[in-house]
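Take a look at the structure below.
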Amino acid sequence: MQNPNLKNRAATFRRKDDSQIDWRIIFVVLALMAVGFGALFLALRADSSVSIVHSMLIQCLWWLFGWGIAILLMHLDADQLFRFAPIAYALGIALLVFVLFAYSRSLAASTNAKSWLAIGSLTFQPSEVMKPALILMLSRMVYTHNQNYAVHTVSSDFLLIVKMIALTLPVIILMQLQHDFGSTLVFVAIFGGIFLVSGILNRILVPITATVSTIGALAIFAVTTTAGRTILTNLGFQAYQFARVDDWLNPGGAASSQSGFQLFQSIKAIGSGRIFGNGVNNISVYVPVRESDMIFSVIGEGLGFVGGFVVILLYFLLIYSLIRRVFDTKNSFYAYVVSGVVLMVLFHVFENIGMSIGLVPLTGIPLPFISQGGSALMANMIGIGLTLSMQYHNFTSEFAKKETSFK
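All residue numbers for the sequence shown refer to my numbering, where the first residue is 859 and numbers rise by one.
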């Protein structure tokens, strides 16, 4: 099988200088983590039932571990990541199957999702590991396909689409079996990101995009009609998911239902912050799980519109920096990988902030680098590590300078 091997492996081990480390991405992620540290402290301080010191210490350990993973991945070159992709994918699938039998019953009762493993007080969500694993595997497959079919044709591009679906569909099915619709959407976004940069002909890309848009419109129609919901129920959708849609469509009446209380309180908290916020000592509006999924409500209440704008600006700088890496590299494998990372982070940000302000329905997706929790942080830090690897090895390999096939 062809792979992005390096023409001169000895060049990989040459001493790197600081110019090969993407400090802009590192500084933006550190700034987001600093915001997360402050927001998490405010959220925990407002909840007297938890130990602030213990929770903050655990989160700091996750941050340190995440940076360790990112630095390790930064030192792996394209060839090593290429060869590791099938292992990561197989491990991710195995974990997704395993959690169906060993999921935490208590967390399933509170979240309606069979997607968590628990060992004592430590919890872990295997779907988060699967996100970067799918990115690597799709990128490997697209790269290999395009090397084998140097000239794009309708038949070769349709074959590529079939291959991409074959890798993604098992993950989607396992997500549905776990009742984790939020993660399902993230995997679809990852698929879409790599699909758009895969080089598929416009004569195929445009009709497929139109078809997907039509399906999306039909899905929105389905969740708002009785007949449509009957069909979706037969496909595995749960009553609580429809309740979230109802609360989203009618936020004014959300407070009267248990599932809509979280949304109503989040909008109330953010609205109370106004322009400059109520101050760090006046976090008074109770929002369920504001330390994780609803962390943006703490930022909005404490720091107001200005604080929320700064957070969104930091994410804009991060996404911009990631997209620049895609256009700067001559290594198509890296370009596919970072495109997947971009859509993974972008969808998380859009969905989390959107659901916090009532723009989209609640899905239980955390805010990257800010929300409490280790599983999602690991997925995002792996994505950052993969991106740093591209810059770190960009000028030390023949493959980065000149697109070449290797056996």
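All residues carry an ideal CB built from backbone N, CA and C; glycine is no exception.
It should be emphasised that the depicted structure is a prediction, and the values quoted were computed from it without experimental measurement.
- The C-beta separation of residue 1240 from residue 1040 comes to about 19 Å, leaving the pair out of contact by the 8 Å criterion.
- Counting along the chain, the unbroken alpha helix (DSSP H) around residue 1204 starts and ends at 1190–1214.
- In this structure the stretch 1201–1211 does not lie against the stretch 998–1005, because fewer than three pairs of beta carbons, one per stretch, are closer than 8 Å.
- Excluding the 5 residues flanking it on each side, residue 1164 has same chain C-beta neighbours closer than 6 Å at 1134, in chain order.
- It is roughly 12 Å from the alpha-carbon of residue 1068 to the alpha-carbon of residue 1076.
- When the alpha-carbon of residue 1198 is set against those of 1155, 1049, 1065, the nearest one is in 1049.
- In the three-state scheme derived from DSSP, where H, G and I count as helix and E and B as strand, residue 1217 is classed as coil.
- By the neighbour-count definition (other C-beta atoms within 10 Å, threshold 16), residue 990 is a buried residue.
- Cβ contact annotation for residue 950 (same chain, cutoff 6 Å, sequence separation greater than five): 987, 988, 991, in chain order.
- Collapsing the DSSP output to three states places residue 1141 in coil.
- Beta-bridge partners assigned by DSSP to residue 982: 975.
- According to the DSSP assignment, residue 1103 belongs to the alpha helix (DSSP H) that extends over 1097–1107.
- Note on geometry: alpha-carbon atoms of residue 1200 and residue 1051 lie some 8 Å from one another.
- In terms of Cβ geometry, residue 1210 and residue 1098 do not form a close pair [threshold 8 Å].
- For residue 1091, the secondary structure class from DSSP, reduced to helix, strand or coil, is helix.
- The continuous stretches of alpha helix (DSSP H) do not include residue 904, and DSSP gives it neither H nor E.
- Per DSSP, residue 969 is one residue of the alpha helix (DSSP H) stretching across 963–969.
- 999 is the residue among 965, 1086, 999 whose C-alpha sits nearest the C-alpha of residue 1021.
- CA-CA distance, residue 1089 to residue 1070, rounds to 19 Å.
- Residue 1186 carries a helical assignment under DSSP once its states are collapsed to helix, strand and coil.
- Rounded to the nearest whole angstrom, the C-alpha separation of residue 898 and residue 1167 is 18 Å.
- Sequence-distant partners of residue 908 (beyond 5 residues in either direction) whose C-beta falls short of 7 Å from its own C-beta, in its chain, are 902.
- Excluding the 5 residues flanking it on each side, residue 1156 has same chain C-beta neighbours closer than 7 Å at 897, 900, 901, 1141, 1148, in chain order.
- The DSSP-derived three-state label of residue 908 is coil.
- Under the three-state reduction of DSSP output, residue 1229 falls in the coil class, being neither helix nor strand.
- If you draw a straight line from the Cα of residue 1086 to the Cα of residue 1188, it comes to about 46 Å.
- Just measuring C-alpha positions, the residue of 1079, 1125, 892 sitting nearest residue 1103 is 1079.
- DSSP places residue 926 in the helix class (H, G or I) of the three-state scheme.
- Non-local C-beta neighbours of residue 924 in its own chain, meaning closer than 7 Å and more than five positions away in sequence, comprise 1235, 1236, 1239, ordered along the chain.
- With contacts defined by Cβ atoms closer than 8 Å, residue 1030 and residue 1053 do not form a contacting pair.
- Assigned with DSSP and collapsed to three states, residue 1003 falls in helix.
- Per DSSP, residue 1056 lies in no alpha helix (DSSP H) and is assigned neither H nor E.
- Per DSSP, reduced to three states, the secondary structure at residue 1015 is helical.
- Exclusion of the five residues before and after residue 1246 leaves 880, 932 as the residues of its chain whose Cβ lies within less than 6 Å of its Cβ.
- For residue 951, the enclosing alpha helix (DSSP H) has its first and last residue at 936–960.
- When rounded, the separation of the alpha-carbon atoms in residue 1208 and residue 1151 is 13 Å.
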